[in-house]
Amino acid sequence: SIAMFGTVQVSSKVLPEEQLLPEVQAHHDQAHCAASVIGGAFWAAGPGMMIAAAVEDCSRLTVEDSRERCAGDIFGILSSLGGIASFLSVSLAVCGGPESVCSATISSAITLVSAMGGLSSQMAIMCGPQPSDYWRCSQLVKGLAWILDSFLLRIGTAVQSCGAESPNQPISTAGCFGAIVASSSFLAAAGLEIASLKVDCPSSDPPGLPAFCVRDVAGFLRSWSMGASFASDAAGFCSKNFSPCGQDIARAIQSVFLVVEAASGAFVACGGMSQAQLVPSECARLNSKVVKGLSIVAAEATSAANRCGGVATAGNACGHGIAATVAGLAQLSEMVNRAVLYCRPNLPPGSPEVSIYLCADVIRVMGLALYVALASAADSSIECALGAAAPPKLPQVELPIFFLS
Numbered sequence: 342s343i344a345m346f347g348t349v350q351v352s353s354k355v356l357p358e359e360q361l362l363p364e365v366q367a368h369h370d371q372a373h374c375a376a377s378v379i380g381g382a383f384w385a386a387g388p389g390m391m392i393a394a395a396v397e398d399c400s401r402l403t404v405e406d407s408r409e410r411c412a413g414d415i416f417g418i419l420s421s422l423g424g425i426a427s428f429l430s431v432s433l434a435v436c437g438g439p440e441s442v443c444s445a446t447i448s449s450a451i452t453l454v455s456a457m458g459g460l461s462s463q464m465a466i467m468c469g470p471q472p473s474d475y476w477r478c479s480q481l482v483k484g485l486a487w488i489l490d491s492f493l494l495r496i497g498t499a500v501q502s503c504g505a506e507s508p509n510q511p512i513s514t515a516g517c518f519g520a521i522v523a524s525s526s527f528l529a530a531a532g533l534e535i536a537s538l539k540v541d542c543p544s545s546d547p548p549g550l551p552a553f554c555v556r557d558v559a560g561f562l563r564s565w566s567m568g569a570s571f572a573s574d575a576a577g578f579c580s581k582n583f584s585p586c587g588q589d590i591a592r593a594i595q596s597v598f599l600v601v602e603a604a605s606g607a608f609v610a611c612g613g614m615s616q617a618q619l620v621p622s623e624c625a626r627l628n629s630k631v632v633k634g635l636s637i638v639a640a641e642a643t644s645a646a647n648r649c650g651g652v653a654t655a656g657n658a659c660g661h662g663i664a665a666t667v668a669g670l671a672q673l674s675e676m677v678n679r680a681v682l683y684c685r686p687n688l689p690p691g692s693p694e695v696s697i698y699l700c701a702d703v704i705r706v707m708g709l710a711l712y713v714a715l716a717s718a719a720d721s722s723i724e725c726a727l728g729a730a731a732p733p734k735l736p737q738v739e740l741p742i743f744f745l746s
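Quick note, our numbering runs 341 ahead of the 1-based positions in the sequence shown.
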């Protein structure tokens with residue numbers, strides 16, 4: 342299969358022991374082709390917007406934070422170009438061209454290393470010394486952990502697919518190191534969330550702090566569960582005995598904490614607290630995040646049912662496809678509401694929360710969310726027609742790890 346950004350896995354090929362009818366295979370390929378082209382079209386907007394952001398931020402380096410913003414914009418340009426190349430490689434494979442895992446994984450690695458640079462620039466701006474900065478900084482640390490793990494896996498996959506003599510060794514080594522780094526990073530994020538918890542939980546003044554306290558506790562538990570999950574992955578990769586079963590179960594558990602975390606934020610943003618101000622776009626965004634979290638729980642649970650030693654069935658594959666489709670649409674809804682905040686015109690230069698860079702990033706994630714939703718919908722329509730007890734015929738579309746953010 343082809344892996345995009347270390348997260349989304351799709352293939353135009355059926356499982357080796359199965360064959361689809363020609364017309365069904367054509368339907369599958371056309372749907373995946375359309376999904377990759379549409380996703381790539383969203384990413385195509387990235388370079389132009391990132392260049393515009395760089396022109397603005399790099400022309401006033403004497404202004405506070407502009408150096409970090411300028412660096413982030415430049416990394417954003419490189420990340421967008423890598424993402425376009427990745428989508429192009431996928432499109433060539435599923436639209437009738439040659440399937441090149443080598444070129445797709447190299448493009449993914451370029452995208453991810455550029456994303457690391459951009460995220461590091463954001464951390465330089467947002468990870469301040471004030472207690473109010475701890476929570477936001479912890480989320481950026483988690484993002485960096487996911488990107489580092491995915492980047493190292495992409496490097497291992499590229500070495501394997503581009504001609505390694507020992508096909509399993511590169512991925513095992515890269516996965517081992519990446520999972521160790523990611524596990525350590527999530528423990529660091531948990532420490533920041535403990536610091537945030539100490540600020541939010543002692544009192545209920547101002548309004549909203551009880552909900553923020555619940556958010557902090559859920560975030561802390563999610564960080565610990567993610568750290569444990571990556572530690573388990575490390576044990577599997579380092580012993581060359583990795584199994585996706587444990588990963589599916591861990592992600593389902595993490596998604597439960599994600600739902601609690603998002604629901605507590607939505608309670609405040611939707612005016613649930615006395616004297617709390619209703620913020621419509623943030624309310625809608627967090628409610629979409631709740632739906633996404635519940636969908637991920639269902640998707641990972643059905644995936645685990647097929648990959649944890651039982652008999653794999655098309656019924657479970659059908660359920661996974663439907664849940665993944667809903668998760669993709671919920672992620673899209675979440676990004677649309679982020680765009681309401683980040684993509685507004687007539688903003689003051691150097692606005693800390695709103696920028697062309699963040700607007701472009703939202704548009705790129707919208708493309709990935711559409712890609713997941715369309716590809717999963719196409720696969721579920723095939724698997725659901727086979728009958729619940731029949732064996733599955735397609736490799737499942739893996740949910741991007743950033744859906745858990």
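Here a beta-carbon is modelled for each residue, glycine too, at the ideal position from N, C-alpha and C. From a predicted model like this one, the values you see are computed outputs, not experimental measurements.
Starting from Asp702 and walking both ways along the alpha helix (DSSP H), at which residues does that stretch end? Ile697 to Glu724
Continuous alpha helix (DSSP H) stretch holding Val745: start and end: A quick correction: the sequence has Leu, not Val, at residue 745. Per DSSP, Leu745 belongs to no alpha helix (DSSP H) and is neither H nor E.
Simplified DSSP state of Pro693, which is helix, strand or coil: With a pLDDT of 48 at Pro693, under the threshold of 50, the modelled position of that residue is not reliable, and the figure given next carries that caveat. Note: Pro693 maps to coil in three-state DSSP.
Excluding sequence positions up to five away, which residues of its chain have a Cβ less than 6 Å from the Cβ of Gln456? The displayed chain sequence assigns Ala, not Gln, to residue 456. So the list reads Ser420 and Ile488, once near-sequence residues are dropped.
Per-residue DSSP class, three states only, for Arg592: helix
Would you mind giving the Cβ-Cβ distance between Asp541 and Gly519, rounded to the nearest angstrom? I have them listed as a contact below 8 Å. By a beta-carbon distance limit of 8 Å, Asp541 does not contact Gly519. Their separation comes to about 32 Å.
Taking DSSP as the reference, what is the three-state secondary structure of Leu533? helix
Mapping DSSP to helix, strand and coil, what is Thr514? In the displayed model, Thr514 falls within a helix according to three-state DSSP.
So, for Ala465: in the same chain, excluding its five sequence neighbours on each side, which residues have a beta-carbon less than 7 Å away from its beta-carbon? Glu409
Can you tell me where the alpha helix (DSSP H) with Thr747 in it begins and where it stops? Lying before the first or after the last residue shown, residue 747 is absent from the chain, which here runs from 342 to 746.
Any idea if Lys483 is buried or exposed, counting beta-carbon neighbours within 10 angstroms, 16 or more meaning buried? buried
As assigned by DSSP and simplified to three states, the class of Gln463: helix
Excluding five sequence neighbours on each side, which residues of the same chain lie with their C-beta closer than 7 Å to the C-beta of Thr452? Phe346, Ser420, Gly423, Gly424 and Ser427
For Cys468, which three-state DSSP category applies? Note: Cys468 maps to coil in three-state DSSP.
In this structure, does DSSP put Pro741 in helix, strand or coil? coil
How would you call Gly299, buried or exposed, if buried means at least 16 neighbouring beta carbons within 10 angstroms? With the chain running from 342 to 746 in the structure shown, residue 299 is simply not present.
Rounded to a whole number of angstroms, what is the C-alpha to C-alpha distance between Lys354 and Pro733? Here the model assigns Lys354 a pLDDT of 45, short of 50, so the residue's position is not dependable and the matter cannot be decided.
Specify, as a first and last residue, the run of the alpha helix (DSSP H) that Val638 falls within. Pro621 to Arg648
Under 8 Å: do the segment 702-719 and the segment 596-611 share three or more Cβ pairs, one atom per stretch? no
Cutoff 9 Å: Pro551 Cβ touching any chain D Cβ: Any reference to chain D falls outside this structure, which holds one protein chain only.
Helix or strand or just coil, what does DSSP make of Arg401? coil
From Gly417, Val435 and Val365, pick the residue whose C-alpha is nearest to that of Ser377; which is it? Val435
Return the chain-ordered list of same chain residues with a C-beta closer than 7 Å to the C-beta of Leu627, the five sequence neighbours on each side being excluded. Ala603, Gly606, Ala607 and Ala610
Just how far apart, CA to CA, sit Ala664 and Ala639? 6 Å
Is it right to say Gly516 is buried, meaning 16 or more other beta carbons lie within 10 angstroms of its own, or is it exposed? buried
Straight-line Cα distance separating Asp720 from His369: 7 Å
Would you mind sorting Leu735 into buried or exposed? The rule is 16 or more other CB atoms within 10 Å of its CB. Buried, since its Cβ has 16 or more Cβ neighbours within 10 Å.
Best match in Gln737, Asp574 and His661 for proximity to Thr514 [C-alpha to C-alpha]: Comparing Cα-Cα distances from Thr514 to each of Gln737, Asp574 and His661, the minimum goes to Asp574.
Gly568 by DSSP, collapsed to three states: which one? helix
How is Cys542 classed by DSSP in three states: helix, strand or coil? Correct three-state label for Cys542: coil.
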